[in-house]
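Participant:
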Amino acid sequence: MTGEPSPDRCPTCGSASLTRLPMVLTDGTDVLFVSCQACENRQWLTEHDGGWQALPIDTVLQRATRKTT
Ligand SMILES: [Zn+2]
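Right, dumping it as structure tokens:
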């Protein structure tokens, strides 16, 4: 296989019916939005040491919002 491994199972219900959507936050962080079609669990993952680390939604929203100063 090529490319980075990505989760293929929902951590909540174990379903393999996941929607994956690569995104880039405003600070340049590459994230993978994963939405479970079975239980609607949503996660934002970022690559970390060759694996995937879940980002808190608050962090994603902060970085995705362009703050006006
Ligand atoms: Zn699920």
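For the numbering used here, add 1442 to where a residue sits in the sequence shown, where the first one is 1. Note that beta-carbon positions come from the ideal geometry of N, C-alpha and C, so glycine has one too.
How would the residue list near ligand 1 read, in chain order, if you kept each one whose beta-carbon is closer than 5 Å to any heavy atom?
Facilitator: 1452, 1454, 1455, 1457, 1478, 1480, 1481, 1483
Participant: In the DSSP assignment, find the unbroken alpha helix (DSSP H) run with residue 1508 in it and report its ends.
Facilitator: Looking at the DSSP string, residue 1508 is not in any alpha helix (DSSP H), and its letter there is neither H nor E.
Participant: So, for residue 1450: in the same chain, excluding its five sequence neighbours on each side, which residues have a beta-carbon less than 8 Å away from its beta-carbon?
Facilitator: 1458, 1460
Participant: Any idea if residue 1443 is buried or exposed, counting beta-carbon neighbours within 10 angstroms, 16 or more meaning buried?
Facilitator: Because residue 1443 sits at a pLDDT of 42, beneath the cut-off of 50, its placement in the model cannot be relied upon, and the following sentence gives the value as read from the coordinates. Exposed is the call here.
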